[in-house]
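Right, one structure below, let's go through it.
Protein chains: 2
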Amino acid sequence: MPRGQFPDWLRKRLQIQIHMEKYKVTFYPDNKTVEVEKGKTILSAAISTGVYINSSCGGDGVCGRCKVILRSGQVISQPAGRITLEERKRGVYLACLATIHSDLEVEVPAESRIDLEKLSPQDLDLRLKGIYSDSEDVESAVSVLGEEIFVHSPLATKLYLELPLPDLEDKISDLERLYRQIRRIQDIPIMQTGLANIRRLGELFRSADWKITVTLGKRNGTTEIVLVEPGDTSHKNFGLCFDIGTTTIAGQLVDLNSKRVLGTKATYNKQASFGSDIITRIIYAQEQDGLEKLHHAVIDGMNQMIQELIQEHKIDLNDVNCILCAGNTTMVHLLLRVEPTYIRRAPYVPTANFVPTIRAAEAGIKINPRGLLSCVPGVSSYVGGDVSAGVLSCGLSDLEDLGILIDIGTNGEIVLGNRDFLISASASAGPAFEGSGVSCGMRASRGAIQRLKITPGDFKVSYNTIGETKPLGICGCGYIDIIAQMLRVGLLDKNGKINLIKHPRIRDSADGREFIVAFKNECAISADIVISEDDIENIKRSKAAIYSAASSLVKHMNLDFAEIKKIFIAGGFGSYLDIDNAINIGLLPDLERSRFIFVGNSSLAGARQILLSYEAMKKADEIARKITYFELSVEPGYMDEYIAALFFPHTDLNRFPSIKI
Amino acid sequence: MPRGQFPDWLRKRLQIQIHMEKYKVTFYPDNKTVEVEKGKTILSAAISTGVYINSSCGGDGVCGRCKVILRSGQVISQPAGRITLEERKRGVYLACLATIHSDLEVEVPAESRIDLEKLSPQDLDLRLKGIYSDSEDVESAVSVLGEEIFVHSPLATKLYLELPLPDLEDKISDLERLYRQIRRIQDIPIMQTGLANIRRLGELFRSADWKITVTLGKRNGTTEIVLVEPGDTSHKNFGLCFDIGTTTIAGQLVDLNSKRVLGTKATYNKQASFGSDIITRIIYAQEQDGLEKLHHAVIDGMNQMIQELIQEHKIDLNDVNCILCAGNTTMVHLLLRVEPTYIRRAPYVPTANFVPTIRAAEAGIKINPRGLLSCVPGVSSYVGGDVSAGVLSCGLSDLEDLGILIDIGTNGEIVLGNRDFLISASASAGPAFEGSGVSCGMRASRGAIQRLKITPGDFKVSYNTIGETKPLGICGCGYIDIIAQMLRVGLLDKNGKINLIKHPRIRDSADGREFIVAFKNECAISADIVISEDDIENIKRSKAAIYSAASSLVKHMNLDFAEIKKIFIAGGFGSYLDIDNAINIGLLPDLERSRFIFVGNSSLAGARQILLSYEAMKKADEIARKITYFELSVEPGYMDEYIAALFFPHTDLNRFPSIKI
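Heads up: the protein sequence lines correspond to chains A and B, in order. Following this note's numbering, the numbering of the first sequence begins with 1 at its first residue and continues without gaps. Following this note's numbering, the numbering of the second sequence begins with 662 at its first residue and continues without gaps.
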């Protein structure tokens, strides 16, 4: 990823210092001790020993979430506006800024912890609503486009066979007998069988009276005999599809025979405690055991979800025969424990975009020990299989008219095209829209301000929070609403500077001028919830990154937004997003509202289609090969586009005719 | 294997009794104790605890090699002629006949042990001479037939590649870059790569400056990237070929680039201590840990040979990338640790004839951990890959004229045909020709009488032993000579009965009448070396089994031996065999001597051809599919043929016109 695309906060973090002296740090009440090099931060020490401290800004000293209390020892820390004088006296530090200069004893208060293990069911529900639509919604979005349904041919198929008994006239071996019978039903040129299965055949065939069920898996242009079981188990054939996002992992358990989704789960990606964005994680992967920890963070979460899904639906783990994963390129590398290092080094080449189908156990995924794991092919380092899956599921590649898919996430992904061409770009939007890297930001879960109105004149603020609780912070949608409203009532100028209006909600702070969204007494936390000019700047850069990426793509193809008939909006805040406000701040192009289609978690929907159809897998393969990756940083006009978008809504107001400010 | 084909001694052994009481047996001087069920033999107890007792007759109480001394405890034993009265007083028993009826202490004297670990270099040389001709001999035999040389395309190929460096214009991933470069050189539709290799690519490519060597393996219709190494290692590409015989294992280390054989080794198959023939081993495989022990016996021997080969030739084990094995169907099952049980149960169906190529490590073979193991495809339970390999190497399947391949071993295998057809039969010859199951028999190694003449009238005997030492016993070739000579000088009638001639060399014994071949004072053992009527009967059945199998095949095809232009003789005693004597006793058909071609270890030669050429592999595949297996037991005329052959040379003397008796 070229340097120009990194915000400052990220660039700062990339500088890693090496010190040789080592100190012991003990965390309480965990009572966990770790030895770390002098000069490392308390946050990084906590990460190494598995103490999960909240760090939504990614360790920039911005969010103030990682407060810890120093019981003994010496640290050096930059001044942090988030720490009050009283707190400083009590020995409170930001774990991300305090560097270690002696043995330490550190207390981690409850409010600074990430409880990744357990989300309340309500929180999960809320989160789920946010990250994807129900499959029915996606299906209907898809059907709008008149896309054909793919032929049903799942990644793993079961065949019940009654083998003809051998006799003196028909003496071919057990394995060849099995192959022959399968080939009487299906035309399979290359069939493969592992030694483990061959070893079982003799006894199995005879004790099962030659009535057996074979599980066939599609594996890299060949068909593998994944499993041979006695009797007829053909009705028990289940699979999983997963969208592995940087922030959230969503998975579904699917009956591969009936195509029915039996259950859906989502969980935070536990990797978040090692850094909230891809780049930070790639850097972390280079630390000792870093890759291993990131790998385990993702598979442990997936395995837990799988366990819960099969228990809830009373399914035997051995009947789960395959798993289909979509994720961005880094997530796929980390899932497979492949070094992601080169993704972030020029010329930004990943180890693999087309990953062969492997045994799930090889990646540490616990399904049937011989079950298969397949990943949706990706396009490049910054356009992964989640994008291919998204294009597949929204039907972009089958459109006659022009369409554009905008997946809003930490890494914003945009695909423009139709059945004739597909071109994609990746915009490093930063985690602001996911509530990270902004002072009061939070993920779209319970307590997040998600809808907001400001009365003109008196600037009275009314808001809704997710779960209708007292506010804890602001999520991405909330920020869009706040900025749109501040613009509308004249609190904010086009540059994103707060106007010099004398009002109790406006004040100067260590972080610059800020607007108080909710006063301390209304909140669930013991501080005002604010939006600062720094936050607004952050959001402005994020929305500019996404908008300018989309407009550059359109321009590059000598097109105009007006020619685009379908705008598919995918991603984490799909169902909360106020489309008018998103246009008002200049995140989305100013087009007829009817052209916008929310597709929710299009990546998961695509993964499910591929799980259920080899035809869809081939199509995804085709899509991944067809997508041209457009490197924004080398496009001469891109920086101009980006800079022009660093206004609300845009420098060129002609592009936003429907907005009346 | 149909019942009719078993000699009595084998049938007896198939009866297994089950007892539940258990006793402890301790062997000295090993000081090894094992708990076994009441009623088991001391021999079987010894086998379970890894004490290797000689048992060349396979546990029938015939050979008298398994003498042990009972120190304490109670056994029940049939009377055995091999035990003298004096020995009986000292507590000597045959381990194969003495069943356990209390806790025991047993001493195993040195002369009753098999020293499988170490053969002297001379013995090995002698043994090698016996089991196969030099590759040059085989090549010349092959070239006689005008067979084309197969295109050089070994099981594992190395390619040195200088990958084009990625840049912003050429950003495909590492794995796809590798695939693209390989495909620029070779047309490979389906390429596979394991996760372990993918995980290494990123770092490896960059640290090697994109100059790498890839090892490509042919695997079940696809090509696998077996290995990726930095730099140019393409000159270090070695493979192994093995013939895994029931009695002997022979292996060669081959430079896959130059096709040169670097070294050859042979060793006894350590499985021999669990029984000398296939059937006994299949039965043993059903005992607890039996399969595991048989599997380890073969792979331990192979691994030791591999170690010696690479050390002698200063080759790194990691540069040995593949191994190609030919063996009979049971040997292949045991190599792969696949239950061989069903091979001996009607309708005699093995688990696999066409075994997929696997990673050698999966079978416990120690070469490069990612190296491949491939087995030559077999035809049926009793016609294995060794036969396919043999047909390939002698060129039978390319002949215009008719030819026959006769592989003389414990399991005699016969293939008749030419380029139009191939038909095979398997004859359970028994181990007599390998010096087993006969009273003074031994394998073709140092001390074995291999050539013999008897002067008419005074019956003076002159003989040669292998290694020119004092005789220890008689090997297969020796028996052929002895019987032919006894016939010639009138000592033996056509039925195999010793004529009632008064002579110091002829006497009656507990085993029936016998002829003293060498008196005790000439021998290295403290007993006369004799041939008994029982031995002659055994050899007669063996030779009848092989001859009648061949003649039945010929008859079945409405042919006559005279029409067969090439007779390829393969097997353990190829180079010792006196062709005239073999015809005289009726083992081989009476044809012009010039038609006989010794091909030595044709199975090893074929395995080597396949190791070096994928074309040869495809040909072997074709041969295995083309060979019709002719089940002798269901052929109406076979029993008549067999019975007619139970004479020296044959009931029908018209078939042996050149013999003057």
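Ideal Cβ placement from N, Cα and C applies to all residues, glycine included.
Asked                                                                                                                                                                                : Found
Under 9 angstroms, do residue 1307 (chain B) and residue 1214 (chain B) count as touching if we go by C-beta distance?                                                               : no
Please report the straight-line C-alpha distance between residue 525 (chain A) and residue 837 (chain B), rounded to a whole angstrom.                                               : 51 angstroms
Residue 532 (chain A) and residue 509 (chain A) look like a contact to me (Cβ under 8 angstroms); what is the Cβ gap, rounded to whole Å?                                            : 7 angstroms
Under three-state DSSP, which class holds residue 1094 (chain B)?                                                                                                                    : helix
Around the Cβ of residue 337 (chain A), are there at least 16 other Cβ atoms within 10 angstroms (buried) or fewer (exposed)?                                                        : buried
Whose Cβ in chain B lies nearer than 9 angstroms to the Cβ of residue 348 (chain A)?                                                                                                 : 827, 829 and 832
Taking all protein chains shown into account, decide if residue 739 (chain B) is buried (16 or more other Cβ within 10 angstroms of its Cβ) or exposed.                              : exposed
List, in order along the chain, the chain B residues whose C-beta lies closer than 9 angstroms to that of residue 354 (chain A)?                                                     : 834, 836, 837 and 840
Alpha carbon to alpha carbon, how far is residue 268 (chain A) from residue 305 (chain A)?                                                                                           : 11 angstroms
Let me see if you follow: with CB-CB separation under 9 angstroms, is residue 1089 (chain B) close to chain A or not?                                                                : no
According to a CB-to-CB cut-off of less than 8 angstroms, which residues of the region 1279-1301 of chain B neighbour chain A?                                                       : 1290, 1292 and 1295
Would you mind telling me which residues of chain A sit closer than 8 angstroms to residue 1003 (chain B), beta carbon to beta carbon, in chain order?                               : 174, 202 and 206
So, is residue 286 (chain A) buried or exposed, given that buried needs 16 or more other C-beta atoms within 10 angstroms?                                                           : exposed
In chain order, what residues of the same chain lie with their CB nearer than 6 angstroms to the CB of residue 1314 (chain B), ignoring the 5 residues before and after it?          : none
Output needed in chain order: residues of the region 209-231 of chain A with a Cβ under 9 angstroms from some Cβ in chain B.                                                         : 219, 220, 221 and 222
What are the start and end residues of each continuous alpha helix (DSSP H) run of 4 or more residues lying completely inside the region 315-339 of chain A, in chain order?         : 329-335
Report buried or exposed for residue 1083 (chain B), applying the criterion of at least 16 other Cβ atoms within 10 angstroms of its Cβ.                                             : buried
One question on the structure: do residue 595 (chain A) and residue 567 (chain A) come within less than 9 angstroms of each other, judged by their Cβ atoms?                         : yes
Where does residue 5 (chain A) sit, in a helix, a strand or coil, going by DSSP?                                                                                                     : Any reading at residue 5 (chain A) must be qualified, since the residue scores a pLDDT of 40, below 50, and its modelled position is unreliable; the value itself is stated next. Residue 5 (chain A): helix per DSSP, three-state reduction.
Indicate whether the contact test is met: 3 or more Cβ pairs, each with one atom in the region 199-216 of chain A and one in the region 302-317 of chain A, closer than 8 angstroms. : no
Less than 9 angstroms between the C-beta atoms of residue 480 (chain A) and residue 449 (chain A), yes or no?                                                                        : no
Kindly indicate if chain B contains any beta-carbon less than 9 angstroms away from that of residue 642 (chain A).                                                                   : no
When you compare the CB positions of residue 99 (chain A) and residue 68 (chain A), do they come within less than 9 angstroms of one another, or not?                                : no
State yes or no: is the beta carbon of residue 154 (chain A) nearer than 9 angstroms to at least one beta carbon in chain B?                                                         : no
By the criterion of Cβ-Cβ separation under 9 angstroms, what are the contact partners of residue 380 (chain A) in chain B?                                                           : 832, 833 and 834
Is any beta-carbon of chain B found at less than 9 angstroms from that of residue 337 (chain A)?                                                                                     : yes
Contact check, residue 459 (chain A) vs residue 489 (chain A) under 8 angstroms by CB: the rounded distance?                                                                         : 6 angstroms
Quick one: which chain A residues come within Cβ less than 7 angstroms of residue 856 (chain B)?                                                                                     : 336, 358 and 362
According to DSSP, is residue 1220 (chain B) helix, strand or coil?                                                                                                                  : coil
Can you check whether the C-beta of residue 299 (chain A) is within less than 9 angstroms of a C-beta belonging to chain B?                                                          : no
Quick one: complete alpha helix (DSSP H) runs, 4+ long, within the region 223-286 of chain A?                                                                                        : 278-285
What did DSSP end up calling residue 379 (chain A) once you bin it into helix, strand or coil?                                                                                       : coil
Name the chain B residues that come within less than 9 angstroms of residue 246 (chain A), Cβ to Cβ?                                                                                 : Ordered by position in chain B, no residue passes the 9 angstroms Cβ test against residue 246 (chain A), which lies about 20 angstroms from the chain.
By the three-class DSSP mapping on this structure, what secondary structure does residue 832 (chain B) have?                                                                         : coil
At a CB-CB cut-off below 9 angstroms, which residues of chain B make contact with residue 199 (chain A)?                                                                             : 997, 998, 999, 1000 and 1012
Could you tell me which chain A residues have their CB closer than 8 angstroms to the CB of residue 947 (chain B), listed as they occur along the chain?                             : Ordered by position in chain A, no residue passes the 8 angstroms Cβ test against residue 947 (chain B), which lies about 11 angstroms from the chain.
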